[in-house]
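Chains as they are written, first to last, in full-length UniProt numbering: chain A, 1 to 140; chain B, 1 to 140; chain C, 1 to 140; chain D, 1 to 140; chain E, 1 to 140; chain F, 1 to 140. Built from N, CA and C at the ideal position, the CB exists for glycine as well. The block underneath contains the structure these notes are about, expressed in structure tokens.
6 protein chains.
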Amino acid sequence: MADEESQNGNPDSDRLARGKARLAEITGRSGAEVMAALGEIAPDFARYIFEFGYGDIYSRPGLDLRTRMLSTVAGLVALGHAERELEVHIGSALNVGATREEVVEVIMQMALYAGFPAALDALFIARKVFAERGLTPPQG
Amino acid sequence: MADEESQNGNPDSDRLARGKARLAEITGRSGAEVMAALGEIAPDFARYIFEFGYGDIYSRPGLDLRTRMLSTVAGLVALGHAERELEVHIGSALNVGATREEVVEVIMQMALYAGFPAALDALFIARKVFAERGLTPPQG
Amino acid sequence: MADEESQNGNPDSDRLARGKARLAEITGRSGAEVMAALGEIAPDFARYIFEFGYGDIYSRPGLDLRTRMLSTVAGLVALGHAERELEVHIGSALNVGATREEVVEVIMQMALYAGFPAALDALFIARKVFAERGLTPPQG
Amino acid sequence: MADEESQNGNPDSDRLARGKARLAEITGRSGAEVMAALGEIAPDFARYIFEFGYGDIYSRPGLDLRTRMLSTVAGLVALGHAERELEVHIGSALNVGATREEVVEVIMQMALYAGFPAALDALFIARKVFAERGLTPPQG
Amino acid sequence: MADEESQNGNPDSDRLARGKARLAEITGRSGAEVMAALGEIAPDFARYIFEFGYGDIYSRPGLDLRTRMLSTVAGLVALGHAERELEVHIGSALNVGATREEVVEVIMQMALYAGFPAALDALFIARKVFAERGLTPPQG
Amino acid sequence: MADEESQNGNPDSDRLARGKARLAEITGRSGAEVMAALGEIAPDFARYIFEFGYGDIYSRPGLDLRTRMLSTVAGLVALGHAERELEVHIGSALNVGATREEVVEVIMQMALYAGFPAALDALFIARKVFAERGLTPPQG
Numbered sequence: 001m002a003d004e005e006s007q008n009g010n011p012d013s014d015r016l017a018r019g020k021a022r023l024a025e026i027t028g029r030s031g032a033e034v035m036a037a038l039g040e041i042a043p044d045f046a047r048y049i050f051e052f053g054y055g056d057i058y059s060r061p062g063l064d065l066r067t068r069m070l071s072t073v074a075g076l077v078a079l080g081h082a083e084r085e086l087e088v089h090i091g092s093a094l095n096v097g098a099t100r101e102e103v104v105e106v107i108m109q110m111a112l113y114a115g116f117p118a119a120l121d122a123l124f125i126a127r128k129v130f131a132e133r134g135l136t137p138p139q140g
Numbered sequence: 001m002a003d004e005e006s007q008n009g010n011p012d013s014d015r016l017a018r019g020k021a022r023l024a025e026i027t028g029r030s031g032a033e034v035m036a037a038l039g040e041i042a043p044d045f046a047r048y049i050f051e052f053g054y055g056d057i058y059s060r061p062g063l064d065l066r067t068r069m070l071s072t073v074a075g076l077v078a079l080g081h082a083e084r085e086l087e088v089h090i091g092s093a094l095n096v097g098a099t100r101e102e103v104v105e106v107i108m109q110m111a112l113y114a115g116f117p118a119a120l121d122a123l124f125i126a127r128k129v130f131a132e133r134g135l136t137p138p139q140g
Numbered sequence: 001m002a003d004e005e006s007q008n009g010n011p012d013s014d015r016l017a018r019g020k021a022r023l024a025e026i027t028g029r030s031g032a033e034v035m036a037a038l039g040e041i042a043p044d045f046a047r048y049i050f051e052f053g054y055g056d057i058y059s060r061p062g063l064d065l066r067t068r069m070l071s072t073v074a075g076l077v078a079l080g081h082a083e084r085e086l087e088v089h090i091g092s093a094l095n096v097g098a099t100r101e102e103v104v105e106v107i108m109q110m111a112l113y114a115g116f117p118a119a120l121d122a123l124f125i126a127r128k129v130f131a132e133r134g135l136t137p138p139q140g
Numbered sequence: 001m002a003d004e005e006s007q008n009g010n011p012d013s014d015r016l017a018r019g020k021a022r023l024a025e026i027t028g029r030s031g032a033e034v035m036a037a038l039g040e041i042a043p044d045f046a047r048y049i050f051e052f053g054y055g056d057i058y059s060r061p062g063l064d065l066r067t068r069m070l071s072t073v074a075g076l077v078a079l080g081h082a083e084r085e086l087e088v089h090i091g092s093a094l095n096v097g098a099t100r101e102e103v104v105e106v107i108m109q110m111a112l113y114a115g116f117p118a119a120l121d122a123l124f125i126a127r128k129v130f131a132e133r134g135l136t137p138p139q140g
Numbered sequence: 001m002a003d004e005e006s007q008n009g010n011p012d013s014d015r016l017a018r019g020k021a022r023l024a025e026i027t028g029r030s031g032a033e034v035m036a037a038l039g040e041i042a043p044d045f046a047r048y049i050f051e052f053g054y055g056d057i058y059s060r061p062g063l064d065l066r067t068r069m070l071s072t073v074a075g076l077v078a079l080g081h082a083e084r085e086l087e088v089h090i091g092s093a094l095n096v097g098a099t100r101e102e103v104v105e106v107i108m109q110m111a112l113y114a115g116f117p118a119a120l121d122a123l124f125i126a127r128k129v130f131a132e133r134g135l136t137p138p139q140g
Numbered sequence: 001m002a003d004e005e006s007q008n009g010n011p012d013s014d015r016l017a018r019g020k021a022r023l024a025e026i027t028g029r030s031g032a033e034v035m036a037a038l039g040e041i042a043p044d045f046a047r048y049i050f051e052f053g054y055g056d057i058y059s060r061p062g063l064d065l066r067t068r069m070l071s072t073v074a075g076l077v078a079l080g081h082a083e084r085e086l087e088v089h090i091g092s093a094l095n096v097g098a099t100r101e102e103v104v105e106v107i108m109q110m111a112l113y114a115g116f117p118a119a120l121d122a123l124f125i126a127r128k129v130f131a132e133r134g135l136t137p138p139q140g
């Protein structure tokens, strides 16, 4: 795979460009805001997120984006402390086609594995994300 | 106990029966083994896992089982310490239709959120689960 | 216990009613506020907290409520990220008969197991809960 | 308090002696084994556990030992990774008067806050501790 | 070592005095503010932080203070939830001679082990600490 | 910086080669064994560890390797669950010039931030690493 990538130029700039496009596609405006703020304190770190996070990992085939983002929401709920990223990626999950109901289901399910406080906090973040988009929570 | 409860349309025995069927469908033999061992030390806790975990949560509509299990794998990787459940539910993900490749993709993606050690440990557990089923790891 | 529960009707509505009463008894006003907010985003999840959390777990015999709540405070301190629940359940511990001194002792002890930052953050939450009730911190 | 302690000699050796006695009282043989092994790699750290852990914290008035140990069990379950200490302190809880049933109740309750995997793993450790003492698990 | 310490008086008051001096040296004003607030809710806990945290641990030879504080920053990033302490100890690292660049390098490196969200949150805290001191972030 | 790197060839293969050399330099034989095993289950993930982990992050200037590895040990202790990586990187710290005493100091210090169980477990891993190299633990 690396060989094909490098045929028409610089693989590093390919990764950077591909990652920037992928991040924009997935996270939309809220990701762009975090990356801009990050660029002020640690521009290399911002570059790694573009290149490795989105240019490498999120550009892999083998798993559809909707499942990737719902899995990411699950992982962030389980971490317990990643509120900023949870807010961004609940939005990302909606951006790539997951429904409000699916987001809420994934969060509720994490109560089984990471406890009710982690799920509860995530549901309140979801409510905020839904409201900012003019969406009501799903019924059920 | 289950017998008495189930006689007159008892919702509790419905939940128990539904949960037992759901757990068997999802986890297969490895889940059954954990539940049997658990029944010896805390039978009520085994009952709650059937009733609440599988009779309530895993019986909800609104999210397909394949996405549920891949999200669960993601959450368990992020927790970092849940090796027994990770082994069971990597198997569950395969049982409900996820591919080896999808399992590996979800685990690798968690390196972004929970760090490489958590993902690395999970990949070694996945290798063990694949091998026990006579499967080779996916290429890539 | 199951026999008595199921004699006069629907065990699920028994669990719900029992859980609502138990939550009110333990958490008082602050629990009610969280549950009301939760009901707007995920009413089923609110129901699970009533039914499973308070109707099942917190209605079990075998451990007195004061020890249950002090153990819950300990667990929430150890989690590190559960600030909302810690605030509610420091209040719950006081509601069911624990003293300010006991709450502070449990939190300080967690420094041994979860580190000083987790204990420090919890002590500041305890100070807030005590102040809202017009209580001064215990001496010592 | 420091004044009274220092009247009859060296407070540091008082703390050390008091801590050693307290650790022996609480943890019995299993604590002694851990401390002996620790003394080989980091004798100062063993001394801090005696002095600070048991000479300071576990020698405080204001909370009875049974509640202290059940709270410690709760905190260790919530941590998720502290298997060695959980085994020692499930034993400690029994040593200072908690019943098997109380230990199991505290562990099950942590499923609400730290998730089922953490509680499940702890129940299997409890089963081992009970078996080593010739105790059967409590019913229920 | 205990013998030498105790020759000229009370080792406990030695530890307390030594710890207070060490905390002031390392954390400066921000540590003093936290300790003052803590003294209002749990004065004994404040004393333990002085005596054990700074009088014992941070007064040990065998590791230079700059490495101690950068390691502490690393550990706090990995914890994920210790924002208050991270803010204090990013400042401490600068106080004892670490550069802005070194602080940022340690935080970025933790992305490998604890994930990008933990590192990202820590970088934003570092930006705040740098700004309060009139420092710009390092380039790179 | 990226410009200079890409002048004489393929930056991706540069990163891979640089990362492989860096990993070998830092981790020695124990890192090689983990990477070989990982290559069997997820070769792309092994490549990311070489490229991003060691080719990018561990090849950065701005922080000396000894401080990098001691900070990594601190972070892994704080995580609590990363036993495999802790064993590898306690070895790495020794490989790049840290002393046994410094490793033990960093681990003991983490007791303050992540609790005694995390530090205790890490000290036992350190004892194993020291013993495999024919080293005795440091005194103190």
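- Relative to the Cα of Pro138(A), the nearest Cα in the group Glu40(C), Leu70(C), Gly53(C) belongs to Glu40(C).
- For the region 112 to 135 of chain B, residues whose beta-carbon sits nearer than 9 Å to a beta-carbon of chain E comprise Leu112, Tyr113, Ala114, Gly115, Phe116, Pro117, Ala118.
- Pro11(D) carries a helical assignment under DSSP once its states are collapsed to helix, strand and coil.
- Judged by DSSP in its simplified three-state form, Gly75(C) adopts helix.
- The contact set of Ser71(B) on chain A, defined by CB atoms closer than 7 Å, consists of Leu70, Ser71, Ala74, Val106, Gln109 in chain order.
- Per DSSP, Val96(D) is not a residue of any alpha helix (DSSP H), being assigned neither H nor E.
- Going by DSSP, Tyr48(E) is part of the alpha helix (DSSP H) stretching over 43 to 48.
- Under the 10 Å beta carbon count, Gly97(D) is surrounded by fewer than 16 other beta carbons and is classified as exposed.
- Under the three-state reduction of DSSP, Leu63(B) is assigned to coil, being neither helix nor strand.
- Closest in alpha carbon position to Leu16(A), among Gly28(A), Arg47(A), Leu38(A), Ile26(A), is Arg47(A).
- Listed along chain D, no residue sits closer than 7 Å to Leu23(B) by beta-carbon distance, the nearest being about 12 Å off.
- In the DSSP assignment, Phe124(F) falls within the alpha helix (DSSP H) that extends over 116 to 132.
- Each residue's CA atom was taken as its position, placing Leu112(B) and Leu112(E) some 8 Å apart.
- Straight-line spacing of the CA atoms in Arg133(D) and Ile90(D) works out to 12 Å.
- Taken through DSSP and simplified to helix, strand or coil, Thr27(A) comes out as helix.
- Around the Cβ of Lys20(B), a 10 Å sphere holds 16 or more other Cβ atoms; the residue is buried.
- With a threshold of 8 Å between beta carbons, Pro137(A) makes contact with chain C.
- Between the region 115 to 130 of chain C and the region 61 to 74 of chain E, the count of Cβ pairs shorter than 8 Å is below three; the stretches do not touch.
- Of the candidates Ala114(F), Ile49(F), Leu94(F), Ala37(F), Ala114(F) places its Cα closest to the Cα of Leu79(F).
- Counting the other CB atoms within 10 Å of its CB gives Thr72(B) a total of 16 or more, which places it among the buried residues.
- Non-local C-beta neighbours of Val88(C) in its own chain, meaning closer than 6 Å and more than five positions away in sequence, comprise Thr27, Ser30, Gly31, ordered along the chain.
- Contact of Gly80(F) with chain D by beta-carbon distance below 8 Å involves Leu79, Gly80, His81, Ala82.
- Inclusion of Leu86(E) and Ala122(E) in the CB contact set at 8 Å is warranted, their separation being smaller than that value.
- Check the Cα spacing between Arg22(E) and each of Ser59(E), Gln109(E), Glu102(E): the tightest is with Ser59(E).
- Only those residues of the region 24 to 53 of chain A whose C-beta falls short of 8 Å from the nearest C-beta of chain E are listed: Val34, Ala37, Leu38, Glu40, Ile41, Ala42, Pro43, Asp44, Phe45, Tyr48, Ile49, Gly53.
- When secondary structure is reduced to three states using DSSP, Gln109(E) falls in the helix class.
- The three-state reading of DSSP puts Gly53(E) in helix, counting H, G and I together.
- Excluding the 5 residues flanking it on each side, Glu102(A) has same chain C-beta neighbours closer than 7 Å at Leu70, in chain order.
- Contact of Glu85(B) with chain D is assigned, a C-beta pair being separated by under 8 Å.
- In this structure, Met110(B) lies away from Gly53(A), with their beta-carbon atoms at least 8 Å apart.
- Put simply, the backbone Cα of Asp12(A) is about 40 Å away from that of Pro117(C).
- By the neighbour-count criterion, in which a residue is buried when 16 or more other Cβ atoms sit within 10 angstroms of its Cβ, Ala82(F) is buried.
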